[in-house]
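Inspection log for the structure reproduced underneath, given as structure tokens.
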Ligand code: NAI
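Residue numbers (this note's numbering): 65 to 355.
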């Protein structure tokens, strides 16, 4: 018996890298998979069917069920078609993994509008475009579901040359926390994932280009965290973020320090804040978890 017998999962950007690994693992646990991929290059240029088709073939060769869909996540129409393709093929949707992504890194001085818009469009708008029809379907069907949104340490912590990508990934984090609150009423759980893996997106980044890094940071080492999130193993957990990959899985969360407080808000002056730095800042004693 698989952990996901009878379930249907949509995985976006599933033609390679992490999405491919998630699809193969979820299928091996009994889920039928809608394999979505636009089939372009790392920067989002071009399109094609072969990437998604290869993953469908691999799932079928291993005895699983899958169909391909080549629409882009970054339009409302594309999102609707992706959700509908899963319903047409399998009659239901239980799981959505928002994973599609592109990279267009530049230092901020060189961050032209097209680099900004294209990255925000695929990651942040794409997450909205696919999630909305799926959420509406899950709400209407009444059987609940699980949505995993792919964020990144670049958005949650920061990284050089990725103001566009980091803004999109932090936006996805805010989206995740808000939707998790809305989803509770309908038994729809919403998770955030901050993966690390050597894929075509990261293979030329510093520290990722050695054979040792490739062996340790295979995308397949991230997918068990996704399986945990979307299966009953994670019970009723929602609204949380897991860092996963390279031999580590750990919750990532926003924290708020105890801070200085006063019954009279007018008494908190700039000088008072400077005097209270030991409790105002989280890197000193007294940090507590937010939410
Ligand atoms: P990847 O480049 O192998 O996979 C991304 C996939 O998304 C590609 O197959 C691409 O064709 C597809 N895609 C791009 N635009 C699309 C669109 N508009 N519609 C549908 N599909 C589209 O890269 P990787 O590393 O597997 O990335 C997967 C996700 O994980 C991305 O969201 C990425 O930002 C995120 N991520 C990856 C990290 C890593 O260390 N590899 C670190 C943090 C986040």
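Backbone N, C-alpha and C fix where the C-beta goes; we use that ideal spot for every residue, glycine too.
In terms of Cβ geometry, residue 76 and residue 194 form a close pair [threshold 8 Å]. Take residue 158, set aside five residues on each side of it, and the residues of its chain with a beta-carbon closer than 6 Å to its own are 71, 72, 209, in chain order.
The C-alpha of residue 215 lies about 36 Å from the C-alpha of residue 332.
Not a single heavy atom of the ligand NAI lies less than 7 Å from the C-beta of residue 300.
In the displayed model, residue 202 falls within a helix according to three-state DSSP. Put simply, the segment 275 to 293 touches the segment 85 to 102. At least three CB pairs are less than 8 Å apart.
For the options 96, 323, 327, 307, the alpha carbon positioned closest to that of residue 341 is the one of 323. Here the C-alpha atom of residue 120 lies approximately 15 Å from the C-alpha atom of residue 146.
Distances taken from the Cβ of residue 197 to the heavy atoms of the ligand NAI include none shorter than 7 Å. Ranking 168, 173, 108, 80 by CA distance to the CA of residue 132 puts 80 first. Taking 7 Å as the cut-off, one finds no heavy atom of the ligand NAI near enough to the beta carbon of residue 181. Within its own chain, the residues whose Cβ lies closer than 8 Å to the Cβ of residue 113, once the five positions on either side in sequence are excluded, are 103, 132, 134, listed in chain order. In the DSSP assignment, residue 214 forms a beta bridge with 257.
Distances from the alpha-carbon of residue 111 to those of 118, 101, 203 put 101 closest.
For residue 103, no alpha helix (DSSP H) encloses it, and the DSSP letter there is neither H nor E. For residue 96, the secondary structure class from DSSP, reduced to helix, strand or coil, is strand. Where residue 315 is concerned, there is no enclosing alpha helix (DSSP H), although the beta strand (DSSP E) around it starts and stops at 312 to 315. Only residues of its own chain outside the window of five on either side were considered, and among them 74, 198, 211 have a CB closer than 6 Å to the CB of residue 160, listed in chain order. Distance between residue 295 and residue 67, taken at the CA atoms: about 6 Å. Apart from the 5 residues on each side of it in sequence, residue 222 sits with its Cβ closer than 8 Å to the Cβ of 230 in its chain, given in chain order.
The three-state secondary structure of residue 228, taken from DSSP, is helix.
In this structure residue 261 touches residue 282 by the C-beta definition: roughly 7 Å separates them, less than 8 Å.
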